Amino acid sequence: MVAIAQTTDGYMWLATPNGVLRFDGVRSVPWRAPAGASLPDTNARALLGTRDGALWIGTLRGLARLKNGALTVFPALAGKAVNAIVEASDGTIWVAGAVLGGDKGVLCAVREGASECHGDDGSLGRSVLGLYQDTSNALWVAGTDRIWKWGGQPEVSYALPVPLYTLESMTGTPDGALVVGTRGGLLRLANGMVETLPLPEWGKDLSVNRVRLDRDGALWLGAADHGLLRLYKGRVDTYTPAQGLSGEQVLATFEDREGSLWVSTSKGLDQFRPMAAAAQTRAQGLKGRARSILAARDGSLWATTTGGVYQMTRPQYWEARHSAPASLLEDRRGAIWMASNAGLGHFEGGRYVAAAGIPAGPVDAMAEDAKGNLWVAHQTAGLFRLSPGREPEPTPWTSIGVSARVSTMAVDSADDSLWLGLWSGDMVNLREGRVRNLAPLQNATQWTRINQLRPEPDGSLWVTNMTGLTRIKNGRAARLDEAGGLPCDRVFWTLVDPHGLWLSAPCGLMRIRREELDAWSAAADRGAQAKVKVQLLDQWDGVRQAVSLSTLSQFLINYNFTPKLARSSDGLVWAVTGDDIVRIDPARLPLNDVPPPVRVEQLVSDDKVYEPRAGLQLPALQHNLAIDYTALSFAVPEKVRFRYKLEGRDTDWHDPGQRRQAFYTDLPPGHYRFRVMAANESGLWNQKGDTLDFSIAPAWWQTNVFRATFVLAVLMILYGLHRLRLAQLSRRFSMSLEARVNERLRIARELHDTLLQTFQGLVLRLQTAHQLMPESEGRRILEEGIDQAADAITEGRDAVQGLRATATETSDLADAVRALGQVLAADPATPSARLGVEVHGRARSLHPIVRDDAFRIVGEALRNAFRHAAPTRVEVEIRYDDRQLSVRVRDDGKGMDPRVVRRGREGHFGLHGMRERAKLIGGALTFWSRLDAGTAVELTVPAARAYATESGGARSEQGGTANDHPADTTSHS
Numbered sequence: 001m002v003a004i005a006q007t008t009d010g011y012m013w014l015a016t017p018n019g020v021l022r023f024d025g026v027r028s029v030p031w032r033a034p035a036g037a038s039l040p041d042t043n044a045r046a047l048l049g050t051r052d053g054a055l056w057i058g059t060l061r062g063l064a065r066l067k068n069g070a071l072t073v074f075p076a077l078a079g080k081a082v083n084a085i086v087e088a089s090d091g092t093i094w095v096a097g098a099v100l101g102g103d104k105g106v107l108c109a110v111r112e113g114a115s116e117c118h119g120d121d122g123s124l125g126r127s128v129l130g131l132y133q134d135t136s137n138a139l140w141v142a143g144t145d146r147i148w149k150w151g152g153q154p155e156v157s158y159a160l161p162v163p164l165y166t167l168e169s170m171t172g173t174p175d176g177a178l179v180v181g182t183r184g185g186l187l188r189l190a191n192g193m194v195e196t197l198p199l200p201e202w203g204k205d206l207s208v209n210r211v212r213l214d215r216d217g218a219l220w221l222g223a224a225d226h227g228l229l230r231l232y233k234g235r236v237d238t239y240t241p242a243q244g245l246s247g248e249q250v251l252a253t254f255e256d257r258e259g260s261l262w263v264s265t266s267k268g269l270d271q272f273r274p275m276a277a278a279a280q281t282r283a284q285g286l287k288g289r290a291r292s293i294l295a296a297r298d299g300s301l302w303a304t305t306t307g308g309v310y311q312m313t314r315p316q317y318w319e320a321r322h323s324a325p326a327s328l329l330e331d332r333r334g335a336i337w338m339a340s341n342a343g344l345g346h347f348e349g350g351r352y353v354a355a356a357g358i359p360a361g362p363v364d365a366m367a368e369d370a371k372g373n374l375w376v377a378h379q380t381a382g383l384f385r386l387s388p389g390r391e392p393e394p395t396p397w398t399s400i401g402v403s404a405r406v407s408t409m410a411v412d413s414a415d416d417s418l419w420l421g422l423w424s425g426d427m428v429n430l431r432e433g434r435v436r437n438l439a440p441l442q443n444a445t446q447w448t449r450i451n452q453l454r455p456e457p458d459g460s461l462w463v464t465n466m467t468g469l470t471r472i473k474n475g476r477a478a479r480l481d482e483a484g485g486l487p488c489d490r491v492f493w494t495l496v497d498p499h500g501l502w503l504s505a506p507c508g509l510m511r512i513r514r515e516e517l518d519a520w521s522a523a524a525d526r527g528a529q530a531k532v533k534v535q536l537l538d539q540w541d542g543v544r545q546a547v548s549l550s551t552l553s554q555f556l557i558n559y560n561f562t563p564k565l566a567r568s569s570d571g572l573v574w575a576v577t578g579d580d581i582v583r584i585d586p587a588r589l590p591l592n593d594v595p596p597p598v599r600v601e602q603l604v605s606d607d608k609v610y611e612p613r614a615g616l617q618l619p620a621l622q623h624n625l626a627i628d629y630t631a632l633s634f635a636v637p638e639k640v641r642f643r644y645k646l647e648g649r650d651t652d653w654h655d656p657g658q659r660r661q662a663f664y665t666d667l668p669p670g671h672y673r674f675r676v677m678a679a680n681e682s683g684l685w686n687q688k689g690d691t692l693d694f695s696i697a698p699a700w701w702q703t704n705v706f707r708a709t710f711v712l713a714v715l716m717i718l719y720g721l722h723r724l725r726l727a728q729l730s731r732r733f734s735m736s737l738e739a740r741v742n743e744r745l746r747i748a749r750e751l752h753d754t755l756l757q758t759f760q761g762l763v764l765r766l767q768t769a770h771q772l773m774p775e776s777e778g779r780r781i782l783e784e785g786i787d788q789a790a791d792a793i794t795e796g797r798d799a800v801q802g803l804r805a806t807a808t809e810t811s812d813l814a815d816a817v818r819a820l821g822q823v824l825a826a827d828p829a830t831p832s833a834r835l836g837v838e839v840h841g842r843a844r845s846l847h848p849i850v851r852d853d854a855f856r857i858v859g860e861a862l863r864n865a866f867r868h869a870a871p872t873r874v875e876v877e878i879r880y881d882d883r884q885l886s887v888r889v890r891d892d893g894k895g896m897d898p899r900v901v902r903r904g905r906e907g908h909f910g911l912h913g914m915r916e917r918a919k920l921i922g923g924a925l926t927f928w929s930r931l932d933a934g935t936a937v938e939l940t941v942p943a944a945r946a947y948a949t950e951s952g953g954a955r956s957e958q959g960g961t962a963n964d965h966p967a968d969t970t971s972h973s
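Just so we're aligned, residue 1 is where the sequence shown starts under full-length UniProt numbering, counting upward by one.
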């Protein structure tokens with residue numbers, strides 16, 4: 001990769017001999033020219049991203065511009081090898097290069113698509129290698145052995161004592177000077193003078209082929225075979241493969257808009273960026289795996305590793321003070337105490353002195369109270385108090401009820417009591433000889449060791465262990481763990497600084513700002529749950545927490561070395577992290593304030609790739625769909641987080657973490673909008689993000705026309721089935737009614753042909769006997785019997801006629817009701833009442849059986865009203881609807897008792913008969929009555945049963961079977 005550039009859309013571009021690569025910080029993909037276009041040559045040598053969003057590509061044989069997806073090739077530069085490209089403040093694009101095979105350097109200006117080239121006369125030497133525009137907008141042009149300050153003609157030039165080595169080897173400095181890299185080192189051009197810049201003795205003969213000044217003022221030098229150098233404030237840092245650089249030969253350098261410096265070497269691409277943490281190394285004298293760190297009040301730093309105890313004696317250098325790792329404590333007099341598996345001691349006069357009166361053996365923890373007493377937890381001998389000028393006072397563990405090992409200790413300044421944290425997870429408080437046990441924070445396991453106890457002046461106690469950070473106040477414990485916002489549960493140690501709280505954990509160093517912690521504490525006081533925002537420093541910030549023996553040993557070793565965090569007098573935070581001790585400047589923590597540009601790159605559906613474009617439509621029946629997206633944040637791409645949502649499918653946002661692909665299966669046809677947003681490593685979200693609109697075509701059976709046709713067909717089938725069912729029900733009902741008619745006719749025939757004929761013959765015989773008998777009392781009685789028999793025959797004939805004939809003299813139900821009403825109104829035995837009959841709807845022909853039974857039901861209701869209700873008005877309402885026949889009889893009489901309505905009057909069967917008749921014709925009978933407010937009776941019969949067809953049967957539009965009788969309902973008030 002010989003050139004690097006970044007365009008306004010956020011992508012970085014890499015020039016290679018085989019073409020151009022597009023890079024998003026995670027993956028690089030070959031760029032392909034639009035259909036019908038191509039670069040002048042595949043060997044890309046120079047790149048530039050301009051303010052208008054274009055990418056300029058210089059190749060071995062010409063110049064091209066990629067803008068808005070279109071590629072433009074400039075014929076004026078055909079056959080010219082492009083070495084460098086810059087953009088002037090007025091938008092002019094300056095291109096430096098050479099004519100292939102002509103040994104002539106060229107400088108071309110491209111303005112609004114037109115090109116103007118200089119150097120055809122050989123005035124610019126054999127090749128123009130580099131360009132630079134300074135802060136005064138002057139253009140500097142570098143040839144192989146001369147530099148021109150361009151002003152339209154090469155009038156002002158400066159000869160170089162040694163030739164330039166390769167391409168793009170100039171940069172400016174804040175003081176207006178020009179720094180030039182050459183085969184023989186570094187030159188400085190200022191005030192018309194060219195001078196050699198001094199380099200370290202080993203670097204004075206370096207071939208410098210790349211120079212760059214970053215935004216912090218550091219000068220970066222890329223050497224041909226000696227890696228990379230950084231010159232800043234008189235200090236020279238060297239980066240070679242020994243320090244992790246990918247290769248010895250530097251080919252290109254570039255600073256992106258987030259401040260990262262990218263270096264291309266012969267073997268790869270490297271990134272340099274500010275890191276939050278700087279690790280202390282063996283080169284600084286620190287050996288072994290880190291265990292504890294202490295910042296003393298006099299400004300000195302003490303650290304323990306598996307190699308012993310060290311003190312920082314001069315800036316960034318440690319000297320060994322003792323051979324064994326230990327926990328550290330500084331007492332009120334400034335003495336540094338060490339507690340280790342070997343025993344207890346302190347440093348005096350620069351040497352280690354064992355504590356008198358303390359047995360040899362493991363000392364697990366120590367703490368100092370307000371009186372200057374040092375409390376020491378000896379693993380086997382008990383708890384010791386070391387008072388100034390007095391012999392140590394031991395207290396056996398059994399006397400204070402402690403059976404588990406002590407893992408940490410602390411003194412509460414509020415009451416000068418002593419807190420002991422145990423490996424079992426329990427806590428013990430000692431005050432003036434009294435022992436108070438606290439329940440364990442959770443069920444005791446080998447992982448619940450108490451790591452730190454930190455009493456606060458407000459009476460709260462902060463406890464760190466393998467389940468998180470717990471705050472105990474006023475008898476209430478509140479735990480801050482992953483559910484509350486921590487990246488991980490296990491916490492080793494905490495440190496308070498003026499801005500908040502630091503936590504050491506297996507996942508890295510966490511920082512919680514004071515206002516966040518105060519809000520969480522206030523919620524805990526109310527018994528509520530709250531979440532905190534945490535800044536995590538992990539491996540990407542220089543805090544290495546690799547899964548190694550040292551990390552596992554934080555859990556597995558049988559000794560809790562403390563402290564794990566310290567704050568030195570200069571405000572720096574020092575931390576034990578895995579194998580390392582790292583230094584952090586809280587005031588200079590890197591903050592990325594550039595929202596990450598978000599791009600939807602492609603859509604892959606059923607293994608077919610679709611480029612994002614307006615109006616994207618996919619074929620029908622898409623089964624597996626993937627959408628590739630990215631965020632162009634290059635500082636720490638591994639910590640970029642995403643959220644996405646497919647409108648038309650998803651109701652909530654998905655949180656895929658760092659995954660840059662969304663998956664969907666079997667999406668139905670329709671219009672969709674995919675939305676994605678991202679946050680950089682500092683948690684800054686690009687809320688706008690990017691979108692992709694697309695649609696999926698329906699299959700023929702998924703179209704609206706097919707759906708409508710299908711629904712219509714289903715409705716027609718259902719309607720046909722409904723009609724068929726109604727026809728069946730109508731036939732069954734007609735058969736039921738016909739059976740009733742036939743039964744009545746049969747009874748009429750039987751009565752006429754048997755009983756009436758027999759009675760008639762009997763009467764004739766009785767008449768003959770009557771004529772033969774003499775006048776006597778017996779003849780008179782016989783004559784009366786003959787008359788009664790004749791009356792019976794007449795009644796029988798009337799009954800037979802009734803079975804054969806209709807119940808009314810008219811087929812119109814309303815006329816029949818009016819006629820009956822007139823008869824009842826004229827009856828002297830009934831109170832006078834007015835009768836009103838109303839008909840709604842078009843009168844229909846009724847089935848004879850329905851008509852007769854309906855008339856009998858209405859007649860019974862009218863008789864009850866006229867004879868028993870004492871009304872002043874009786875109204876009959878007949879309603880012919882398409883759905884049903886409805887007849888309502890209501891009066892304003894004295895009403896009925898609800899119990900009579902429900903059960904009927906004892907010994908009377910009128911109401912029962914009305915209900916039975918309604919049931920026989922498939923109708924429903926409803927009663928409503930209230931004392932002194934009248935009575936209403938309503939009969940409803942489905943139209944399919946009530947109305948007659950042209951053939952005389954019931955019509956077959958609606959209804960049920962003859963046995964499907966609606967429930968009889970009665971309403972009361």
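Each residue gets a CB set at the ideal place from its N, CA and C atoms; glycine is no exception. Nothing here was measured: the structure is a model prediction, and the numbers come from that model.
Q. In whole angstroms, what separates the C-alpha of A539 from that of G508?
A. On the sequence shown, residue 539 is found 539 positions in, with the first residue counted as 1. On the sequence shown, residue 508 is found 508 positions in, with the first residue counted as 1. One detail in the question is off: residue 539 reads as Gln in this sequence, not Ala. So the alpha carbons of these two residues sit roughly 7 angstroms apart.
Q | Alpha carbon of Y644 to alpha carbon of K531, nearest angstrom | A | The sequence position of residue 644 within the sequence shown is 644, counting from 1. The sequence position of residue 531 within the sequence shown is 531, counting from 1. One C-alpha to the other measures close to 23 angstroms.
Q) Taking the DSSP output, what are the residues bridged to D693? A) To locate residue 693, count along the sequence shown from 1; it is residue 693. DSSP output for D693 lists R673 as bridge partner(s).
Q. Taking just the CA atoms, how far does R297 sit from R333?
A. Within the sequence shown, the letter at position 333 stands for residue 333. Within the sequence shown, the letter at position 297 stands for residue 297. Taking the straight line joining both Cα atoms gives about 10 angstroms.
Q | F492, DSSP secondary structure in three states | A | Stepping through the sequence shown from its first residue, residue 492 is reached at position 492. Looking at F492 - three-state DSSP - the assignment turns out to be coil, as it is neither helix nor strand.
Q. In the structure shown, what three-state DSSP assignment does E391 receive?
A. Here residue 391 refers to the residue found at position 391 when the sequence shown is read from its first residue. Of the three classes helix, strand and coil, the one that applies to E391 here is coil, per DSSP.
Q. Which whole-angstrom value is the C-beta distance of residue 978 and A342, which I expect to be below 8 angstroms?
A. The chain is shown from 1 up to 973; residue 978 falls before or after that span and cannot be answered.
**Q.** Status (buried if at least 16 other CB within 10 Å, exposed otherwise) for V609
**A.** For the purposes of this step, residue 609 is taken as residue 609 along the sequence shown, with counting starting at 1. When all chains shown are included, V609 counts as exposed.
Q.
Do W419 and Q452 count as a contact pair if the criterion is CB distance below 7 angstroms?
A. Within the sequence shown, the letter at position 452 stands for residue 452. Within the sequence shown, the letter at position 419 stands for residue 419. Cβ distance not < 7 angstroms, so Q452 and W419 don't count as in contact.
Q: Would you check if there are 3 or more beta carbon pairs closer than 8 angstroms linking the stretch 595-612 to the stretch 627-639?
A: yes
Q.
Let me check one thing: in DSSP terms, what residues is N429 bridge-paired to?
A. Here residue 429 corresponds to residue number 429 of the sequence shown, with the count starting at 1. N429 pairs with W419, R436.
Q) For P17, which of N68, L920, Y11, I4 has the nearest alpha-carbon? A) The residue you call residue 17 lines up with position 17 of the sequence shown. Ranking N68, L920, Y11, I4 by Cα distance to P17 puts I4 first.
**Q.** Segment limits, alpha helix (DSSP H) that includes V411
**A.** Against the sequence shown, residue 411 aligns to sequence position 411. Note, V411: premise wrong, no alpha helix (DSSP H); beta strand (DSSP E) at 406-412.
Q) Whole-angstrom Cβ separation of R61 and T72, contact assumed at under 8 angstroms? A) Within the sequence shown, numbered from 1, the residue matching residue 61 stands at position 61. Within the sequence shown, numbered from 1, the residue matching residue 72 stands at position 72. At roughly 16 angstroms, the Cβ-Cβ gap does not stay under 8 angstroms, so R61 and T72 are not in contact.
Q. Mapping DSSP to helix, strand and coil, what is Q452?
A. As a first step, residue 452 is located in the sequence shown; it is residue number 452 there, counting from the start. Note: Q452 maps to strand in three-state DSSP.
Q) In three-state DSSP terms, what is K267? A) As a working note, residue 267 is residue 267 in the sequence shown. Of the three classes helix, strand and coil, the one that applies to K267 here is coil, per DSSP.
Q.
By the three-class DSSP mapping on this structure, what secondary structure does I921 have?
A. Walking along the sequence shown from the start, residue 921 turns up at place 921. Looking at I921 - three-state DSSP - the assignment turns out to be coil, as it is neither helix nor strand.
Q.
Taking only three categories from DSSP, how would you classify H346?
A. For this step, residue 346 is matched to residue 346 along the sequence shown. The answer is strand: DSSP assigns H346 an E or B state.
Q: Check whether the Cβ atoms of I584 and A303 lie closer than 7 angstroms to each other.
A: Counting from one through the sequence shown, the residue named residue 584 turns up at place 584. Counting from one through the sequence shown, the residue named residue 303 turns up at place 303. No. Outside cutoff.
Q: Could you name the residues of the same chain whose beta carbon sits closer than 6 angstroms to that of Q554, not counting the 5 residues immediately before and after it, in chain order?
A: Along the sequence shown, one-based indexing puts residue 554 at 554. Confidence at Q554 is low in this model, with a pLDDT of 47, below 50, so its placement is unreliable and the value that follows should be read with caution. Taken in chain order, the list of residues that qualify is empty.
Q) Can you list the alpha helix (DSSP H) stretches of 4 or more residues lying completely in the UniProt domain "Histidine kinase" (856-945), in chain order? A) 898-903, 910-920
Q: Indicate whether V839 and A814 have their beta-carbon atoms separated by less than 7 angstroms.
A: Counting from 1 along the sequence shown, the entry for residue 839 is found at position 839. Counting from 1 along the sequence shown, the entry for residue 814 is found at position 814. Cβ atoms of V839 and A814: closer than 7 angstroms.
Q. For G185, which beta-bridge partners are listed by DSSP?
A. Locating residue 185 in the sequence shown gives position 185, where the first residue counts as 1. Per DSSP, T182.
Q: Output the residue ranges of the beta strand (DSSP E) runs that lie fully inside the stretch 280-368 and measure 3 residues or longer, sorted by chain position.
A: 290-295, 301-305, 308-314, 317-322, 327-330, 336-340, 343-348, 351-354, 363-368
Q | Helix, strand or coil at T59 according to DSSP, with G and I counted as helix | A | As a first step, residue 59 is located in the sequence shown; it is residue number 59 there, counting from the start. Here T59 sits in strand by DSSP.
Q: Within the same chain, show all residues whose beta-carbon is closer than 8 angstroms to that of V411, passing over the 5 residues directly before and after it, in chain order.
A: The residue given as residue 411 occupies position 411 in the sequence shown. Counting only Cβ-Cβ distances below 8 angstroms, and skipping sequence neighbours, we find A367, E368, D369, A370, W375, S417, L418, W419, P455.
Q. Between the stretch 18-33 and the stretch 74-82, do at least 3 Cβ pairs fall closer than 8 angstroms?
A. no
Q: Specify, as a first and last residue, the run of the alpha helix (DSSP H) that D655 falls within.
A: Position 655 of the sequence shown, counted from the start, is the residue given in the question as residue 655. It is not in any alpha helix (DSSP H) - D655 instead sits in the beta strand (DSSP E) that spans 654-657.
Q: Using the Cα positions of A365 and P396, report the straight-line distance between them to the nearest angstrom.
A: Start at 1 with the first residue of the sequence shown, and residue 365 comes out as number 365. Start at 1 with the first residue of the sequence shown, and residue 396 comes out as number 396. C-alpha separation (whole angstroms): 15 angstroms.
Q. Distance, Cα to Cα, V106 vs I512?
A. Sequence index remark: in the sequence shown, residue 106 carries index 106 (1-based). Sequence index remark: in the sequence shown, residue 512 carries index 512 (1-based). Rounded to the nearest angstrom, the two C-alpha atoms are 58 angstroms apart.
Q | Among Y664, L536, E647, the one whose alpha carbon lies nearest that of D606 | A | As a first step, residue 606 must be located in the sequence shown, where it is residue number 606. Comparing Cα-Cα distances from D606 to each of Y664, L536, E647, the minimum goes to Y664.
Q: Kindly indicate which three-state DSSP category L726 falls into: helix, strand or coil?
A: The residue labelled residue 726 in the question sits at position 726 within the sequence shown. It is helical.
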